[in-house]
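Reading through the C-alpha cells given below for one structure.
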Amino acid sequence: MPDTIQDTNLPYAIRAYSPERLREALKKMYLVRKFEEGAEDSYMRGLIHGTMHLSIGQEASSIGSTMALTDEDKITSTHRGHGHCVGKGADLSKMFAEFFGKESGYCRGRGGSMHIADPSKGNLGANGIVGGGLPIAVGAALSAKRLGTGAVTVCFFGDGANNEGAFHEALNMAAVWKLPVVFVCENNKYGMSTSTERSTAVKNIAERAAAYNMPGVTVDGNDFSAVTEAVDAAVERARNGEGPSLVENLTYRWRGHSKSDRNRYRTKEEINEWMGRDPIPAMAKLLMDHQIVTEDDVAAIEAEANQIIADAIEFATQGEDPKMDEVTRDVYTPESAA
Amino acid sequence: MPDTIQDTNLPYAIRAYSPERLREALKKMYLVRKFEEGAEDSYMRGLIHGTMHLSIGQEASSIGSTMALTDEDKITSTHRGHGHCVGKGADLSKMFAEFFGKESGYCRGRGGSMHIADPSKGNLGANGIVGGGLPIAVGAALSAKRLGTGAVTVCFFGDGANNEGAFHEALNMAAVWKLPVVFVCENNKYGMSTSTERSTAVKNIAERAAAYNMPGVTVDGNDFSAVTEAVDAAVERARNGEGPSLVENLTYRWRGHSKSDRNRYRTKEEINEWMGRDPIPAMAKLLMDHQIVTEDDVAAIEAEANQIIADAIEFATQGEDPKMDEVTRDVYTPESAA
Amino acid sequence: MNAHSKPDLRELSYAEAIREAMDIALTNDPSVILMGEDIGVYGGAFQVTGDLVDKHGTDRVMDTPISELGGAGVAVGAALTGLKPIFEFQFSDFAALAMEQIVNQAAKVRYMLGGSVSVPLVMRFPAGSGTGAAAQHSQSIEAWLGHVPGLKVVQPSTPEDAKGLLLAALEDPDPVMIFEHKILYKMKGHVPEGHYTTPIGKAAIRRDGKDVSIVATSLMVHKAMQAAEQLEADGIDAEVIDLRTVRPMDRDTVLSSVRKTGRMICVYEGVKTLGVGAEISAMVAESDAFDYLDAPIIRLGGAECPIPYNPELEKAAVPQMPDILAAARDVVKGRV
Amino acid sequence: MNAHSKPDLRELSYAEAIREAMDIALTNDPSVILMGEDIGVYGGAFQVTGDLVDKHGTDRVMDTPISELGGAGVAVGAALTGLKPIFEFQFSDFAALAMEQIVNQAAKVRYMLGGSVSVPLVMRFPAGSGTGAAAQHSQSIEAWLGHVPGLKVVQPSTPEDAKGLLLAALEDPDPVMIFEHKILYKMKGHVPEGHYTTPIGKAAIRRDGKDVSIVATSLMVHKAMQAAEQLEADGIDAEVIDLRTVRPMDRDTVLSSVRKTGRMICVYEGVKTLGVGAEISAMVAESDAFDYLDAPIIRLGGAECPIPYNPELEKAAVPQMPDILAAARDVVKGRV
Ligand SMILES: Cc1ncc(C[n+]2csc(CCOP(=O)(O)OP(=O)(O)O)c2C)c(N)n1
Ligand SMILES: Cc1ncc(C[n+]2csc(CCOP(=O)(O)OP(=O)(O)O)c2C)c(N)n1
Ligand SMILES: [Mg+2]
Ligand SMILES: [Mg+2]
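Residue numbers (the UniProt record's numbering), protein chains in the order written: chain R, 1 to 338; chain P, 1 to 338; chain D, 1 to 336; chain L, 1 to 336.
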C-alpha cells in the first residue's frame, strides 16, 4: 500500500512508495523480463513444449498495477500473465518448474504457462480464455464485499478481451453492485493480429467506462509512475467502498503474439519505436533521478534478477516429472471424489 | 418509406407519412392490442398452452419503429414480439393459428408465440433467448452490405437484453463494420421483475451507444411520431451507408411479464400512471388533430381490427393439428436430410 | 414416490423441498448465497426461491442482470474466494450462454491449478419439456455436462431427493450441477424435516424386479414406475432404477440389476443420440454384465428434433409410458 | 492414409486441403465468406486460411473481434439472409462461448419456423490435444454438438476428406460443424484436384478385417491403423472404420462390420463418459447386431480429466496405439 510523502512536485510513485518498495519494483520488472527471455530461450532449445505469450515491453503495467495490493487482495490474470504473477509475489522457481511441466511447479505440471496461479498470494490465476477472468474477478470482489474482508481485486485483461461479452457483463455487474474491483486493460494495440482500430468501435478502451457509470482513465502504460498513480487511486476508491474503475495502460508487446506469429500485421518501425520506449530503463532512470538508486545499484539489481532466474531454471530442471498414474488426480477434491 | 411534407411545424409523422399510411398504422396498433387481448382471453379459456408475453401498452414503439421499412428490410424480434410481427405486415390469422399450435400457423405449430416469423416479409422472427436476435440482426445487415441489397435491419430488444454480452458484441461489430442496422431498445423499465436501476449501470440504455461510437437517442416510446422520427432517421442513416444507430423507446408493459407474474416488483400507481399514457388513443388524437381521421373513422378502424381478430381466431380454431408422425419433419432441409 | 406416503409423513412439493434446502443452507451457513435472474421479489420463474428474499435479504438472495455468462462467472469467482453460491439458471437452455464459465473455468480450475483450489459451487437448472414453451425453453442438456470431468451432475426425481441432493451438493467442495424437471416442481411427496443429505453418485432402486431393468432419469422415473405397475398384469416383473446421478454414474447398482434381469431399457428425456442412455448402455455393454444380457439394450430417448410447441407434438417428442410398456413387453418376449 | 499415396498422386497437407476447399468455394460462389479471429493477415492460428485474404480480400475473409458468441450469431444471421459463411473458431474450446447461437439458434431455427428457412452455415473447430496447450485449448467437444438435432457433425481424418467434407458442407443447406484435429493439420496425403465432395453421413472402411471392428474417429483412425498393422503379426485381422460423421451416424456400415467380426472397439479422443464412443456402442447394443457380438463392446476414450500440460501426462490422457493393441488382443482372445 502507498506510503505518504507529501511533496506534490515529485512523481506519484516517488511520493507514494518507499525506496525499498521502488527498488523491489525495479527488480520485479527485471525478473519479468529475464523470466520471459529465459522461457523463450528454453523454448528455442526445445525444453518447453506448447505455446507461450510473452509480455516483454509491458513490465511497467504489470508491476505498476500490483504495487498497492497486499496478499489478501486478489488478481485475475490472462494468457499473457507472467508479469502479473511476479507482481503478486510469485516464486520464480515454481513458475519455471510449471513451464517445464514439473511436479514442483505451481500447478504440478498440469497447467503450464497459461494457468500459473498462486492462490496463497491472492493470485487467482492466468486464464487461457480471453475475457475468462473478468467475471471471476467480479466474483472475488463480491466475496470481499459480502465477507467484509476489505480485499480489492485487480482484473487484468487485454484490448482484445474488451470485445468479449464477458467484459460487458462483468463491468455492468461490478458497477450495479458497487464492488471493490479495478479493471486494468493492458492495451498493447493488438489482439493477436487484429488492431484495436479493426476490432473496437472506440479509440480508447477507457471510453467504455461511461457505459458502466464508472471512472475510466487512459495512461502511458510504460510509465511506472503513471500506472501506479492511476491504479492506486482506483484501488483506494474500491477499498473505500466507492465501487469499480477502469484503468487503461497503453503499452506494447515486443514479441509476436505467440510462437506462431509471423508479425505481418505491424511494421518493423512500429516495433522499433516502442522498443525505444522500454519501461525498464525508464524506471531505472526515474529512480536514479530521485536518488533512490545509483547506476551501480541498477546493475546489481539486474544481476540479482539474472541469478534468481538462473537458479529458477536450475530448480525447474531438477524437478520431478508428474507420475503418469496420477493423470486423473485433482479433478475432484479428495474427500468428495467418487 | 417516409413521404415528404416539408412543413416543420407539423409533428414528424404527419409530415413524413401519407394519411393512408397513418391510418394503416393506427389500425396496426389496434390489431396488436386486440390480438393480444384475444390471445390472453384464449389463454384464460384454456385454448392455448405454454406462456406468452404481451406488449399491451407498447404499440407505438413496435408499429412506429417499422414504418420506414419495406418488405426487403429485415427485423429481428423478441419474446415480446407480436407488435413487431404486425408492424412488419404479418397475417393475423397465421399468427393466431400458430398460437393455437396449428399446421396453418406461421411455424406449422412448431414454434408458438415465442417464435413467430415471416421470412417472406423480412421478419426473421421472435426469439426465446433474450439478446439472441442481436447478433443475428448484425448478420442480416452484413448480408445486405455484402450483397448490396440496400436492405436495413431493425433489431428489437428489451432493456433487460442490454446487459447480455450479445448486446455488446453485436453493437461493436455493427459499428466496426459500419453495417446498416438500427438497434431499437424497447425500454419498459423492467426485465421481468428487475428494474433497470437494479440491473443496468446507466440510466438510459442509449447512453451506451457512445461505447460503440454510434448515435444513441432516447425518445418517448408511447409517442408514435417521436418513435418514427428517431427510428426513421436511423434507418436513413443506415440506408446511406453511415452505419448503425441505437434508438431507445421508453415505454411500459401493462400486463405482467408473463402468465406467472405476481406483479410484486412494481406498484399499482405506476401501472395506472402508464395506463393513462395509452399510446393508441394518443395516436388517434394525433391523427384527429391533423384531420387525418374523424372520431367515427377511429371507431371504424377499431371495429375493423376487431373483425380481423375475430376472423383470425375463427381461422385458427378451424385449423388442422400437425400430424404426430411428422414430429421430426423440418429438422433438416429435405434435399439434405439424412 | 407415487402416493407412497403414509398419512403421518409430511409432504412437500418438489419446489418446496428445494426451497427448504436453500432456507436451511442460508440459515446455517453465512457463506451461502443465492444468485439468479428474478429469484428475489419475483420468487423465481418457477417460484422455487419463493419468498426467501424476504427472510434472508437481497444480499443473500441476489437478483442478477440478464447476464448468464457473467453471472455464472461471478459465481465461480465467489466460490473460489470464500462464498458458496447456489446459482439458478432461469431455464436450463440458457446454460448454453454460460458453458464457458461452467466448463472451461468451474470444472477445470482445480485440475489446471494442480489441486490448489476447489470450487464449491451449486448450479440449478430447471429442465425438460412439457410446459408448452417450445424449443428454446425445454431442452434436457445434462448429457453435455455429464461429459465434463470436474463436474458432478444430478437429476433428482422426488421431493425428498431434491432436498437431499441439494444439501449434499452444498457439502461437496466441487461444482455440482442439479437438473430439476419443471414438471416435477408441483409434485408432492414425503420430505424429512431438517438437514439430511442424499448421496451424490448413488442410484436408487425404486422397485425390485427380476425380468427387466428399467434405468430411468428424472421425470422418466415416474413414467417407468407407472409402466412397471401395468407390466405386473402381464406377469412382467420390472426393476426400476432411478439413476439420480449422471456423473459419476452408479455403475454397481446398474450392473447388479442387469446381471439379475438380463435385460435393460434406458429411459431418458434428452435427445436419444449421445444422451444419458447412450452412456448407461455403453457402460453395461463393455462390462462383465454383458455376458448376462439376454437381449439388446433398448434406449428410449427424446426424438431427434427440437422440442415443438404444439402440445401433442411435444408429447410425441419424448418417451411416454406406453413406449416403455411396449419396449418392456418386446424385450422380455424376445421380440427385439 | 498412411503413406498410401502413389508417386503420381498430388499430396497436400490437411491444412492445405482445407484451404484449397475454401479457395474453390470463394472463387466459385460469391455468397461464401470466411469469418473468424485472425484468419486474415495472420492466416489463422494454425495457418489454415493462410494467404486467402490476399486473393479474396478483407470483405470475403473477415477478421472478427474476439467475440465468439456475437461472431457466431452474425454468421447465423448472414446464413439466414443470403450468405454462406464459413466460421472458424480459433480453438474448438471457444465454442463454449457460442453454444447459444450454435444450438439455440442455428440448429433450431428451421424447425421452430416450421421449415420456412434454412441455415447454410459451416463452422470449423480446430480440436483435440497434443499441442501442449493444456485444458482450455485441447478439448474434443464433438459429442456436445452430436447430441443436437438440426446440426450435422463431421470429423475428417485425412486431407482428402478434409477437403471433400468441407465442400460437401458448403452444398448442404443446413449447419455443418467440422471438427479438425490440430495434430492432423500438417499430415500429408493425396488430395484430388478441383471440386469434389465426400458424403456427409458415410463412414469409411479404412481396412477390411474379420476379427474385430475398430471404429475410430479423427486422429484415432491413424492410431487404429497402426495398431491393425501390428495386430497382423498376432494373426488378428482388424477392420478399421473411420466414422467420419458423428451426426448423422452411419449405422449401416458400423452394424455390418460388427455382424461380420462379432467384436467392437470404439476409439475416440473425447472424454470417455458420454463421448462419441458411447453412442457407437449403444447403437450396436440396441440393434440386431447385438446377437452377433461375441464379446463386450470396448470403448477407449479420453481419461476422465481435463487435458494436462505436461507432455507425458497429456499423452496419458488420451488413447494411444498400445491401448488399442492391448484392447484388440484382449477382446479377440476372450479376455474381457
Ligand atoms: C475466448 C478466446 N478467444 C480467442 C482466444 C485466442 N487468443 C488468445 S490471446 C488472443 C488475443 C488477445 O488479445 P488481447 O486481449 O489484446 O491480449 P494480448 O494478447 O494482446 O495481451 C486470442 C485471440 C482465446 N484464448 N480465448
Ligand atoms: C438468455 C435468456 N435469459 C433469460 C430469459 C428469461 N426471460 C425471458 S424474457 C426476460 C426479461 C427480458 O427483459 P427485457 O429484455 O427488458 O424485455 P421485456 O420482457 O421487458 O420486453 C427474461 C429474463 C431468456 N428467455 N433468455
Ligand atoms: Mg492486446
Ligand atoms: Mg424490459
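C-beta atoms are modelled at their ideal positions from N, C-alpha and C, and glycine is treated no differently.
Separation of residue j from residue i, as counted between CA atoms
i, j, result
"Arg19 of chain D", "Ile86 of chain D", "12 Å"
"Thr218 of chain P", "Ser67 of chain D", "23 Å"
"Gly71 of chain D", "Ser31 of chain D", "17 Å"
"Asn2 of chain L", "Lys259 of chain R", "In this prediction, Asn2 of chain L has a pLDDT of 45, which is less than 50 and means its spatial position is unreliable; nothing more can be read from the coordinates."
"Glu240 of chain R", "Asn213 of chain P", "Looking at the sequence shown, residue 240 of chain R is not Glu but Asn. Their backbone Cα atoms lie some 32 Å apart in a straight line."
"Ser5 of chain L", "Asp242 of chain L", "Here the model assigns Ser5 of chain L a pLDDT of 49, short of 50, so the residue's position is not dependable, and the following value carries that caveat. Rounded to the nearest angstrom, the two C-alpha atoms are 18 Å apart."
"Met67 of chain R", "Ser143 of chain R", "22 Å"
"Ser195 of chain P", "Gly158 of chain P", "12 Å"
"Val215 of chain L", "Leu165 of chain D", "38 Å"
"Val240 of chain L", "Arg80 of chain P", "53 Å"
"Ala284 of chain P", "Ala230 of chain P", "20 Å"
"His290 of chain R", "Tyr12 of chain R", "12 Å"
"Leu293 of chain D", "Ala140 of chain R", "52 Å"
"Leu134 of chain P", "Ser138 of chain L", "30 Å"
"Glu180 of chain L", "Ser218 of chain L", "8 Å"
"Ala337 of chain P", "Met35 of chain D", "Its pLDDT being 44, under 50, Ala337 of chain P is placed unreliably by the model, and nothing is read from it."
"Gln105 of chain L", "Pro306 of chain D", "11 Å"
"Ile102 of chain L", "Asp211 of chain D", "42 Å"
"Met192 of chain P", "Glu59 of chain P", "19 Å"
"Pro65 of chain L", "Asp330 of chain R", "35 Å"
"Leu97 of chain D", "Val130 of chain P", "11 Å"
"Ile183 of chain D", "Ala234 of chain P", "45 Å"
"Phe315 of chain P", "Phe99 of chain P", "12 Å"
"Val298 of chain R", "Ala39 of chain R", "23 Å"
Per DSSP, the bridge partner or partners of residue i
i, result
"Val212 of chain L", "L:Ala238"
"residue 347 of chain L", "Residue coverage of chain L in this structure runs from 1 to 336, which leaves residue 347 of chain L outside it and unanswerable."
"Lys188 of chain D", "D:Ser13"
"His181 of chain L", "L:Ala127"
"Ile33 of chain L", "L:Pro85"
"Met62 of chain D", "D:Met35"
"Ile205 of chain L", "L:Ile241"
"Lys48 of chain L", "Correcting the residue type first, residue 48 of chain L is Val in the shown sequence and not Lys. Answer is none; Val48 of chain L lacks a bridge partner."
| said: So within the region 68-156 of chain L, which uninterrupted beta strand (DSSP E) runs reach at least 3 residues, ignoring any that extend past its ends? | reply: 84-88, 122-127 and 152-154
| Residues in the region 304-320 of chain L having any Cβ partner in chain R nearer than 8 Å | Glu304, Cys305, Pro306, Pro308, Tyr309, Asn310, Pro311, Glu312, Leu313, Ala316 and Ala317
| field | Those runs of the alpha helix (DSSP H) which lie wholly inside the region 183-259 of chain P and span at least 4 residues | value | 196-199 and 224-239
| Three or more beta-carbon pairs under 8 Å between the region 155-163 of chain P and the region 126-135 of chain L, yes or no? | no
| Are at least three pairs of beta-carbons, each pair with one atom in the region 307-324 of chain P and one in the region 95-107 of chain P, less than 8 Å apart? | yes
| Segments of 4+ residues assigned as alpha helix (DSSP H) that fall wholly inside the region 72-98 of chain R | 82-87
| said: At a CB distance below 9 Å, what residues from the region 31-56 of chain D approach chain P? Give them in sequence order. | reply: Glu37, Asp38, Gly40, Val41, Tyr42, Gly43, Ala45, Phe46 and Gln47
| query | Pairing CB atoms from the region 175-182 of chain P with CB atoms from the region 106-123 of chain L, are three or more of them under 8 Å? | reply | no
| field | Complete alpha helix (DSSP H) runs within the region 257-285 of chain P (minimum length 4 residues, chain order) | value | 268-275
| Taking any Cβ of chain R, which residues in the region 95-109 of chain D have a Cβ under 8 Å from it, in chain order? | Glu100, Gln101, Asn104, Gln105 and Val109
| query | Whole alpha helix (DSSP H) runs in the region 122-182 of chain P with 4 or more residues, listed along the chain? | reply | 133-147 and 165-176
| Sufficient close CB pairs (3 or more, under 8 Å) joining the region 71-91 of chain R to the region 111-122 of chain R | yes
| said: At a CB distance below 7 Å, what residues from the region 73-99 of chain R approach chain L? Give them in sequence order. | reply: none
| Per the contact definition of three or more C-beta pairs closer than 8 Å, is the region 306-313 of chain P in contact with the region 27-35 of chain P? | yes
| field | Residues of the region 109-139 of chain L whose Cβ lies closer than 7 Å to any Cβ of chain R, in chain order | value | Thr131, Gly132, Ala133, Ala134, Gln136 and His137
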